[in-house]
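Its first residue numbered 1, the sequence shown is counted upward by one per residue in full-length UniProt numbering. Built from N, CA and C at the ideal position, the CB exists for glycine as well. What you are looking at is a predicted structure, and each value in this text was computed from that prediction instead of being measured. A quick write-up on the structure given underneath.
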Amino acid sequence: MAVTKKVGILGATGTVGQRFILLLAEHPVFTIHALGASPRSAGKAYKDAVRWKQSRPIPESVAQLVVTACEADLFKDCDVVFSGLDADIAGDIEMAMLNNDIAVFSNAKNYRRDPTVPLIVPTVNSNHFDLIAHQRTLNKLNKGFLITNANCSTTGLVVPLKALQDAFGPMSHILVNTQQAISGAGYPGVPSLDILDNVVPHIGGEEEKMEWEVAKILGGIAEDKKELHHLQDTVVSATCTRVPVLDGHLETVSVKFANGSPSVEEVYKVLEEYTSDAEKLGCFSAPQKPIVVTYDADRPQPRLDRENLKGQAVTVGRVRKCPVLHIKFVLLVHNTVLGAAGSSVLNAEIATDAAVTIRTRKFLTNRLLQRKQMVVDVIHPGLANVSKDELRSKIGKMYKADKEVVSVFGFKTHFGGGKTTGFALIYDNVEALKKFEPKHRLVRIGLAEAPKGGRKQRKEKKNREKKFFGVRKSKKPKKE
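Here is the structure:
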């Protein structure tokens with residue numbers, strides 16, 4: 001069973017805070033322990049303090065929790081704090097939490113430019129978590145650290161850009177135009193007379209944020225894990241607009257590559273096959289795949305595609321040759337899920353050892369037995385063990401196979417716990433699995449019926465049918 005971690009939510013009554021509550025209310029590892037909001041909400045039950053604006057009702061487990069002020073001492077029992085605070089108040093409060101040795105995951109812009117603070121999109125640059133050790137040393141912390149999310153529109157942009165960068169090398173020019181939903185402005189947001197029957201071609205500070213955040217996120221990390229390297233030769237030009245859509249940021253993107261243009265077919269293939277560390281780690285909130293590719297001429301659309309894979313994936317479509325640069329496409333990101341609270345939760349799952357890490361080695365394809373076989377190391381520092389059913393699902397996801405064709409066995413936990421090693425087989429089809437797997441493993445996964453009676457009963461019955469008991473064997477008497 002998982003070791004649960006107590007979490008606090010700052011700005012719990014706001015738009016992002018409400019989304020945090022929906023994502024965390026039934027989380028298997030994180031338990032909501034404290035809710036922070038403005039002084040006027042402090043002392044009230046959450047259901048009385050919040051103007052709930054989500055499509056699902058307030059979770060019962062949270063409704064009666066008493067809201068507190070956003071003071072560090074009131075969150076000292078929390079292992080993790082998620083911040084949905086506005087930037088004008090977030091800085092001092094988040095730093096106070098950090099100084100109390102608490103892990104802080106911030107949606108605000110205040111510390112994004114800090115060279116010691118990772119700016120992480122979990123399906124893009126989770127390797128930047130390696131900077132945490134240096135950050136702790138500088139701030140004399142034991143277990144606390146500070147991680148920031150990217151701007152919601154940047155988050156959607158860098159996921160496909162990362163896939164393209166990995167496959168085709170550096171990009172020299174990126175042009176992006178965003179059509180951003182009104183929920184991105186918070187509540188009450190843009191006045192109705194400004195947004196109805198209208199498009200607002202300016203969002204303060206948004207374009208500048210996109211243009212420099214891309215360079216930090218897609219850059220590397222130094223070998224000594226003490227410094228991040230920004231992209232130096234990539235120029236980003238952004239135009240950001242506000243449109244009358246509730247949720248979902250739509251972005252049109254054109255890209256020029258330093259090493260020449262790939263084909264449209266190659267781009268589609270790379271986007272389809274892109275994977276990230278988040279799903280390989282087996283995180284609870286990780287999407288099955290970071291990018292959902294659509295081939296429809298009129299997709300993606302906010303109303304139809306923003307909830308793809310529970311809002312944790314970026315949907316990409318309309319990949320075409322660009323007559324000015326090289327390649328152009330359209331993407332959609334759910335701005336309050338992956339673009340905000342969802343990224344923070346997924347970041348926390350990775351950074352606080354809530355995830356299960358699966359590594360495979362000695363991989364072999366056995367064509368005679370119609371299977372792939374491998375040794376599997378399972379790293380689970382926050383769990384006593386990992387069920388075989390969960391392992392089958394995770395290994396199947398890693399190799400894009402149905403869990404019904406995966407067999408796992410022989411797992412032993414190392415001395416001291418936290419790591420288990422065993423074997424996995426991935427068959428070409430269920431028929432091959434049924435043909436070559438021993439019956440006891442088929443019984444375990446529900447593909448065969450267990451023999452009636454226990455092993456001891458079956459052995460006793462077998463002995464009764466012998467002429468002599470014990471180890472000496474003889475022929476069974478002939479039945480008349």
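For residue i: DSSP bridge partner residues
i	result
residue 364	373
residue 427	371
residue 177	239, 252
residue 332	250, 315
residue 445	For residue 445, which the question treats as bridged, DSSP gives no partner whatsoever.
residue 5	30
residue 388	Partner(s): none; residue 388 has no beta bridge.
residue 420	378, 413
residue 321	327
residue 257	171
residue 350	None, per the DSSP bridge assignment.
residue 358	378
residue 119	148
residue 10	36, 83
Beta-carbon proximity check, residue i vs residue j, cutoff 8 Å
i	j	result
residue 358	residue 282	yes
residue 152	residue 317	no
residue 274	residue 291	yes
residue 249	residue 184	yes
residue 33	residue 16	no
residue 279	residue 403	no
residue 49	residue 63	no
residue 133	residue 270	no
residue 66	residue 45	yes
residue 241	residue 190	no
residue 116	residue 98	no
residue 180	residue 218	no
residue 362	residue 375	yes
residue 439	residue 432	no
residue 300	residue 330	yes
residue 451	residue 458	yes
residue 297	residue 19	no
residue 154	residue 209	yes
residue 327	residue 261	yes
residue 123	residue 237	no
residue 266	residue 293	no
residue 68	residue 42	yes
residue 139	residue 221	no
residue 405	residue 427	yes
residue 171	residue 239	no
residue 442	residue 435	no
residue 80	residue 413	no
residue 4	residue 31	yes
residue 391	residue 378	yes
Expected contact under 8 Å - CB spacing of residue i and residue j to nearest Å
i	j	result
residue 147	residue 347	5 Å
residue 243	residue 24	So it is not a contact: roughly 30 Å between Cβ atoms.
residue 156	residue 333	3 Å
residue 483	residue 251	This structure cannot speak to residue 483, because the chain is shown only from 1 to 480.
residue 284	residue 57	Not really, about 22 Å apart at Cβ, beyond 8 Å.
residue 325	residue 202	Not confirmed; about 24 Å, so no contact.
residue 82	residue 105	5 Å
residue 364	residue 370	Actually they are not in contact, since the Cβ atoms of residue 364 and residue 370 sit about 13 Å apart, beyond 8 Å.
residue 59	residue 21	6 Å
residue 70	residue 119	So it is not a contact: roughly 22 Å between Cβ atoms.
residue 107	residue 169	Not confirmed; about 32 Å, so no contact.
residue 182	residue 246	7 Å
residue 53	residue 187	6 Å
Contact with chain D by residue i, beta-carbon distance below 8 Å
i	result
residue 318	Within the model displayed, chain D is absent; a lone protein chain is all it includes.
Determine, using beta-carbon pairs with one atom in the region 422 to 430 and one in the region 292 to 307, whether at least three such pairs fall under 8 Å. No: fewer than three Cβ pairs fall under 8 Å.
Check whether the region 150 to 169 and the region 214 to 224 touch, using three or more Cβ-Cβ pairs below 8 Å as the test. As far as the Cβ criterion goes, the region 150 to 169 touches the region 214 to 224, which means the pair count is three or higher.
Segments assigned beta strand (DSSP E), at least 3 residues, entirely inside the region 180 to 253: 235 to 242
Three-pair Cβ contact test at 8 Å for the region 308 to 324 versus the region 218 to 228: Touching, no, given that fewer than three Cβ pairs across the two stretches are closer than 8 Å.
Touching or not, the region 315 to 330 and the region 66 to 78, by the rule of three or more beta carbon pairs under 8 Å? At 8 Å Cβ cutoff, the stretches do not touch.
Counting only runs of 3+ residues fully inside the region 392 to 416, write out the beta strand (DSSP E) ranges in chain order. 406 to 413
Ordered list of alpha helix (DSSP H) runs contained in the region 32 to 113, each at least 4 residues: 46 to 49, 60 to 63, 87 to 99
Which full runs of the alpha helix (DSSP H) of 4+ residues lie inside the region 132 to 174, going along the chain? If you keep only unbroken alpha helix (DSSP H) runs of at least 4 residues inside the region 132 to 174, you get 132 to 139, 152 to 168.
Which parts of the region 263 to 296 are runs of the beta strand (DSSP E), unbroken and 3 residues or longer, counting only runs that do not cross its ends? Counting only runs of 3+ residues, the beta strand (DSSP E) found wholly inside the region 263 to 296 occupies 291 to 293, in chain order.
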